[in-house]
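Residue numbers (this note's numbering), protein chains in the order written: chain W, 13 to 264; chain H, 13 to 264. For every residue, glycine included, the Cβ atom is placed at its ideal position computed from N, Cα and C. Here the structure is a predicted model, which is why all the values come from computation and not from measurement. Structure first, then comments.
Structural data, given as C-alpha cells:
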C-alpha cells in the first residue's frame, strides 16, 4: 500500500436487476463472491440506471400521448415525440430548448439534458429510464442494505453522466449521496504558505462519481464500483448541497 | 490486484518549485526516491500551479496599474483593483461580470472564474499565479522529461479546479493533455443489450483530473499524482478537444 493511495474497482458479477431488487444486498454478495468483500471505509458508487431499474422508475413509450409542444419540437428536430413528452413531464423549468436539445431543471433541482431521461441499456426498445424519485433516499436505502449484509455502514453515491456548458464530453456526477459530506469545505483553512485558501469548497462527491466512471465504463455492464482509501467526512449526505441556489445562479 | 482496479497516489517529497525547474525530472526522481517509481501505463496529473511556478507565469501586483473598469468593479465589490485588472488582461471575452464574480474566456478558450488567476499558495503575498501560456505544451514537455528519466513515455494532464453553472463546489478538470485522448468516444458502439449508446462521449481527462484531486488534497502540498491501471487511448492529446465550439455553445 503506497501512502495516501486510493483504489477503485468495479463490482463484477451482478445479476440482471429486476424491480424490487435489494441492490445493496446484491452488491455486497457479488463483492463477497468475487473475493473482494466490502471493507469498512469503502465508498459504494452505483449508476442511477440500476437504481431506476430496481425502483421500477421506467416508462413505456406506448403509454405516452405527446403534447403539442412535444410534437412540434420532435418534428422540427427529428425526435420521438413521446420521448420528448416524457422529458417535458420530468421537467419543472426549461433552461434551453434548441437544436434538438432540452436542458431543463428536474423536480430534484438538477439541471441537465433531457431531464435525465435515458433510453439506452433498457430491456425493451420502447422503455425509458427516469431518474430515481429521490436519489438521496435511494442511496440511504442501499447503504442500509449493505450494512445489513456486512454489519457496518458505508457511504453510497448514486451517479449519472451529465454534460456541462463550455466543455465537451459528459462526466459522472453525484445525484444521490448518503453517509458523506458531498462538499469538502476549506473555509478558513490555511495553505502551506499560511495564506487563507481562495478555493473554499470542492465537490468531492462529483469527483468520486467521476473517478468511479473510469472503472465502470459504459460497455462493460459494471453499474457499481467501490472506492477504497478515501478519507471522507462522515455526514448524513444529501445531493441538495451540490445544487446552486437560484439566487446565486448566473445561468438561469 | 483486483480485476479492473485503478490506483491513485500522491507524489510526495517534491522540492519547492523554482522558475525553470524541470518538473518531469523532479517528479520522476521524487517517485523513485519514495520507493514507488513511475511505471509504464501510469498517468501523471500535475496542478497548473506548479507548472506556472516552473514556467514563471507569475505577476507581481506592484507592477499593475488598474484600468477604469477594474477600479469600478473592485470598488463596488470590495476587491483588489490590481487583481481585477490582471483577470481582465487574462480574458478575451467576459461571460458574466456580477456580484464580485468574473466569469470569462481565457485566450486558451477555457471559460472559468477569474480567468484562472490565483493568489493562494504563492510565495509572496503580492504575487498572482496565471494559467500556463500553453498547458498542452507544458504537459508534453513534462511528459518528455519523464521519458528522459525513465526511458518510456507516459501521458500527462495539467489540471485546475473550475466551478460550473448550477452546481456548487469546484472540481478538478484538465487544462493541458499530452499522450492520451481526452474524450472517450463511444459513437456507434453497442451496449450490453445490443442497442446503440445514447451517451457517446465521456470527458475522461476531466474525470482523471478530478480523481487525482482526491489524493492530492488542497492542504497537503502534493501538487502531483499518479494514476495507475487506467486503460487510456493513446493519442497526441490536446485540451482543445474538451472545449465546446462557439456555434454549439448555448451559454455564451
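- Taking residue 120 of chain W as reference, the option from W:142, W:112, W:108, W:130 with the minimal CA-CA separation is W:142.
- Put simply, the stretch 81 to 90 of chain H does not touch the stretch 233 to 240 of chain W. Fewer than three CB pairs are less than 8 Å apart.
- Here residue 21 of chain H is buried: its Cβ has 16 or more other Cβ atoms, across all protein chains shown, within 10 Å.
- For residue 183 of chain H, the enclosing beta strand (DSSP E) begins and ends at 179 to 192.
- At a cut-off of 7 Å between beta-carbon atoms, residue 223 of chain W makes contact with chain H.
- Following the DSSP letters along the chain, one finds residue 157 of chain W inside the alpha helix (DSSP H) bounded by residues 147 to 162.
- For the stretch 167 to 192 of chain W, the set of residues with a beta-carbon nearer than 8 Å to any beta-carbon of chain H comprises 173, 176, 177, 178, 179, 180, 181, 182, 183, 184, 185, in chain order.
- Cβ atoms of residue 128 of chain H and residue 72 of chain H stay farther apart than 8 Å, at about 18 Å.
- C-alpha of residue 36 of chain H to C-alpha of residue 154 of chain H: approximately 4 Å in a straight line.
- Near chain W, meaning a CB-to-CB distance below 8 Å, the residues of the stretch 19 to 35 of chain H are 19, 20, 21, 22, 24.
- Within chain W, no residue has its CB atom less than 9 Å from the CB of residue 74 of chain H, the nearest being about 17 Å off.
- The Cβ of residue 45 of chain W sits no closer than 7 Å to any Cβ of chain H.
- As DSSP reads the structure, residue 115 of chain W sits in a beta bridge with W:108, W:125.
- Only exposed fits residue 90 of chain H, as fewer than 16 other CB atoms lie within 10 angstroms of its CB.
- The three-state reading of DSSP puts residue 172 of chain H in strand, counting E and B together.
- When DSSP states are grouped into helix, strand and coil, residue 45 of chain H belongs to the helix group.
- Under the Cβ distance rule, residue 256 of chain H counts among the residues neighbouring chain W, one pair being separated by less than 7 Å.
- In this model, residue 15 of chain H and residue 96 of chain W are separated by some 40 Å (Cα to Cα).
- Ranking H:247, H:228, H:177, H:32 by CA distance to the CA of residue 239 of chain H puts H:228 first.
- Rounded to the nearest whole angstrom, the CA to CA distance from residue 77 of chain W to residue 100 of chain W is 12 Å.
- Contact of residue 48 of chain W with chain H by beta-carbon distance below 8 Å involves 14.
- Cα atoms of residue 32 of chain W and residue 26 of chain H: separation of roughly 52 Å, rounded to the nearest angstrom.
- DSSP, reduced to helix, strand and coil, places residue 222 of chain W within a helical segment of the structure shown.
- Counting other Cβ atoms within 10 Å of its Cβ, residue 174 of chain H reaches 16 or more and is therefore classed as buried.
- Look at residue 56 of chain H: its C-beta is not under 7 Å from any C-beta on chain W.
- The stretch 46 to 60 of chain W and the stretch 49 to 59 of chain H do not touch, with fewer than three beta-carbon pairs separated by less than 8 Å.
- When C-beta atoms of the stretch 183 to 198 of chain H are compared with those of the stretch 186 to 200 of chain W, fewer than three pairs fall below 8 Å, so the two segments do not count as touching.
- Nearest Cα to residue 215 of chain H within the set H:192, H:79, H:258, H:226: H:192.
- Only 108, 110 from the stretch 88 to 112 of chain W bring a Cβ to less than 7 Å from some Cβ of chain H.
- Setting aside the 5 residues that flank it on each side, residue 57 of chain H is surrounded in the same chain by 169, 171, 220, 221, 224, 236, 237, 239, each with a C-beta closer than 7 Å to its C-beta; the list follows chain order.
- Shown here, residue 229 of chain H sits in coil according to DSSP, grouped into three states, outside any helix or strand.
- For residue 85 of chain H, the uninterrupted alpha helix (DSSP H) segment begins and ends at 80 to 89.
- Taking residue 67 of chain W as reference, the option from W:178, W:146, W:257, W:254 with the minimal CA-CA separation is W:146.
- Shown here, residue 22 of chain W sits in a strand according to DSSP, grouped into three states.
- When rounded, the separation of the alpha-carbon atoms in residue 123 of chain H and residue 149 of chain H is 19 Å.
- Residue-level contact check: residue 259 of chain H does not touch chain W, since none of the beta carbons of chain W fall below 7 Å from its beta carbon.
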